[in-house]
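Every letter in the sequence shown is one number past the one before it in this note's numbering, and letter 329, counting from 1, is 331. Idealized CB from N, CA, C, for every residue including glycine.
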Amino acid sequence: MPLRSGFLRYWQGWLPILSLGLAWIAGEARAEEPLSRPNILYIMSDDHAYQAVSAYGHGLNRTPNIDRLAHEGMLFRNCFVTNSICGPCRAVVLTGKYTHLNGFARNGDRFDGSQQNVAKLLQQAGYQTAVIGKWHLETDPTGFDHWEVLFGQGPYYNPPMKTPQGRVEHEGYTTDVITDLALDFLKNGRDPNRPFFLMYHHKAPHRNWCPGPQELDLYKDTDIPEPPTLFDDYTTRGRAAREQEMTIARHLTPHDLKLVRQNEKFTPDQAERFYNAYAEENRAFEEANLQGEELVRWKYQRYLKDYLRCVAGVDRNVGRVLDYLDESGLAKNTVVIYTSDQGFYLGEHGWFDKRFMYEESFRTPLLVRWPGHVQPGSVCEKLVMNLDFAETFLDIAGAAIPEDMQGRSLKPLLEGREVADWRTSMYYRYYEYPAVHMVHKHYGVRTDRYKLIYFHEIDEWELYDLAKDPRELNNVYGDPAYAEITAQLQAELRRLKTLYKDDDTIRGVPVTAATK
Ligand code: SGN
Ligand code: CA
Numbered sequence: 003m004p005l006r007s008g009f010l011r012y013w014q015g016w017l018p019i020l021s022l023g024l025a026w027i028a029g030e031a032r033a034e035e036p037l038s039r040p041n042i043l044y045i046m047s048d049d050h051a052y053q054a055v056s057a058y059g060h061g062l063n064r065t066p067n068i069d070r071l072a073h074e075g076m077l078f079r080n081c082f083v084t085n086s087i088c089g090p091c092r093a094v095v096l097t098g099k100y101t102h103l104n105g106f107a108r109n110g111d112r113f114d115g116s117q118q119n120v121a122k123l124l125q126q127a128g129y130q131t132a133v134i135g136k137w138h139l140e141t142d143p144t145g146f147d148h149w150e151v152l153f154g155q156g157p158y159y160n161p162p163m164k165t166p167q168g169r170v171e172h173e174g175y176t177t178d179v180i181t182d183l184a185l186d187f188l189k190n191g192r193d194p195n196r197p198f199f200l201m202y203h204h205k206a207p208h209r210n211w212c213p214g215p216q217e218l219d220l221y222k223d224t225d226i227p228e229p230p231t232l233f234d235d236y237t238t239r240g241r242a243a244r245e246q247e248m249t250i251a252r253h254l255t256p257h258d259l260k261l262v263r264q265n266e267k268f269t270p271d272q273a274e275r276f277y278n279a280y281a282e283e284n285r286a287f288e289e290a291n292l293q294g295e296e297l298v299r300w301k302y303q304r305y306l307k308d309y310l311r312c313v314a315g316v317d318r319n320v321g322r323v324l325d326y327l328d329e330s331g332l333a334k335n336t337v338v339i340y341t342s343d344q345g346f347y348l349g350e351h352g353w354f355d356k357r358f359m360y361e362e363s364f365r366t367p368l369l370v371r372w373p374g375h376v377q378p379g380s381v382c383e384k385l386v387m388n389l390d391f392a393e394t395f396l397d398i399a400g401a402a403i404p405e406d407m408q409g410r411s412l413k414p415l416l417e418g419r420e421v422a423d424w425r426t427s428m429y430y431r432y433y434e435y436p437a438v439h440m441v442h443k444h445y446g447v448r449t450d451r452y453k454l455i456y457f458h459e460i461d462e463w464e465l466y467d468l469a470k471d472p473r474e475l476n477n478v479y480g481d482p483a484y485a486e487i488t489a490q491l492q493a494e495l496r497r498l499k500t501l502y503k504d505d506d507t508i509r510g511v512p513v514t515a516a517t518k
């Protein structure tokens, strides 16, 4: 007995320490396991053209914080969207499927939140999921543990946000507010036992380009360089390029140009700061009574400066988030992606807005940092698409990619591996007509060298040889020298249409009926 009780006492004395040790080891293992899977921070702004990300080298502006992702990660030079318009792009990113399968064809449609989406799949894989900022899909987010989104487009100042608990009012500049909420999630809302997937979505630099108080005075004494196609007259192009309603010359409004009071619900201080910033220039403008090309040039400067001021606000806020990732130690195990819902015209062809399959709106910026996986300062030239994003997130998370997703994971490209059978052509389709900006419906195919576009409702084809004509000023459709390539591209277009199961319906409803 004495022996036994001595033995027991001996072990009883050690037991709490032993069990603590075991619990610690188990706890460590639990904490280790999910943390070995990286967090995913997906940053998407709205209408941020690659021409206005300085890492792309266009010389319009400086975006030092976004550029960090290129210096510390990979810059994709050829990232494109499947359908260059906001809501549809967001639906593609969530589902990894083309518009005709996810059902969200035009802004204002209601996203079917009951379908499979990447947030739901990551949630099932053990991720904590969140979306903060612009959403624009009408129905409530599904698959997110946490969400706080703008109502529709949302304002530039003092945005109310929609949450599962109802409407929440905020005071401040929306780009700052969305970042504050994202930082609050990272600091206080995060589950330390799960990796996170955070979609942090800006409203800026969407029309009507209202800068924040900190950026209102930027570019005051500078001239922004004009694009060579500012005065494009659309010779050689068809009806679509002529009939659109998105010219700087005729379609920017006095409201867009800050020549009249704004629709924003400013506080008195915000209003004073805002209107004072424009007052002197507006007086000079009225006195000058500009006409013709001079007037277009003035409008271009006003548009671009406001646009770039909004971009500077986004960049400053991306910097705040990257700094927090560094300070908190999260940076080393977090994949950071920066992109825009689609591209935008910054005066090219005389335009603002997007929608067309021409380069500036078809293409979107994409920069990805993933420490230990992506070679800092690397560049990818492959043809990638927003269709690939959902698959990429799942692959990064080590989760299975469903068969019915239509893109392909970018993970091998990110890791610098050669992928011999990567896509060499891309399919595009736009449906929003008639609608604001009046861009005719079209679909088409782009390879690394050529682009064939079919405006099917007006039965007009366009063909561009991007090697000879990167600005797409010379439509060579019908030129006998291009007969063979045209036939090849038409065959490729048919092949892609079939491959992606586009049967001219939106989920079984004929396009004409579905997009009225
Ligand atoms: C608003 C804008 C348009 C813009 C669409 C879609 N007009 O209607 O210029 O094309 O949104 O933009 S505005 O005067 O209200 O700003 S999207 O990015 O949401 O698709
Ligand atoms: Ca957009």
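Would you give the residue range spanned by the beta strand (DSSP E) that residue i belongs to?
| i | result |
| --- | --- |
| Trp463 | Glu462 to Asp467 |
| Ser160 | Looking at the sequence provided, one finds Asn at residue 160 rather than Ser. That residue, Asn160, is in no beta strand (DSSP E); it is neither H nor E in DSSP. |
| Gly168 | Gly168 to Val170 |
| Phe358 | That residue, Phe358, is in no beta strand (DSSP E); it is neither H nor E in DSSP. |
| Leu232 | Here Leu232 belongs to no beta strand (DSSP E), and DSSP marks it neither H nor E. |
| Val381 | Ser380 to Cys382 |
Return yes when the C-beta of residue i is under 7 Å from any heavy atom of ligand 1, and no when it is not.
| i | result |
| --- | --- |
| Val438 | yes |
| Gln246 | no |
| His138 | yes |
| His351 | no |
| His208 | yes |
| Asn104 | no |
| Gln264 | no |
| Asn388 | no |
| Asp355 | yes |
| Asn109 | yes |
| Gln126 | no |
| Gln562 | No statement about residue 562 is possible, as the shown extent of the chain runs from 3 to 518 and does not include it. |
Hey, does residue i have any beta-carbon neighbour from chain B nearer than 8 Å?
| i | result |
| --- | --- |
| Asp390 | Absent from the structure: chain B. Only one protein chain is present. |
Alpha helix (DSSP H) containing residue i: first to last residue?
| i | result |
| --- | --- |
| Glu274 | Pro270 to Ala290 |
| Val313 | Gly294 to Ser330 |
| His253 | Ile250 to His253 |
| Arg496 | Ala485 to Leu501 |
| Lys122 | Val120 to Gln126 |
| Leu185 | Thr176 to Asp186 |
| Arg241 | Arg241 to Glu245 |
DSSP has residue i in a bridge; who is on the other side?
| i | result |
| --- | --- |
| Leu454 | Val447 and Leu465 |
| Trp149 | Val133 |
| Tyr221 | In DSSP, Tyr221 forms no bridge with anything. |
| Thr341 | Met46 and Leu368 |
| Ile226 | Beta-bridge pairing links Ile226 to no other residue. |
| His203 | Met46 and Gly135 |
| Ile508 | Val511 |
| Val386 | Cys81 |
| Thr336 | Asn41 |
| Phe346 | According to DSSP, which records beta bridges pairwise, Phe346 is partnered with nothing at all. |
TODO: Mind listing which residues have their beta carbon within less than 5 Å of any non-hydrogen atom of ligand 2? Chain order is fine.
DONE: Asp48, Asp49, Cys88 and Asp343
TODO: Go through the stretch 25-112 residue by residue and report every complete run of the beta strand (DSSP E) that reaches 3 residues or more, in order.
DONE: 41-47 and 76-78
Task: Uninterrupted beta strand (DSSP E) stretches inside the stretch 390-449 (no shorter than 3 residues) - done: 427-432 and 444-449
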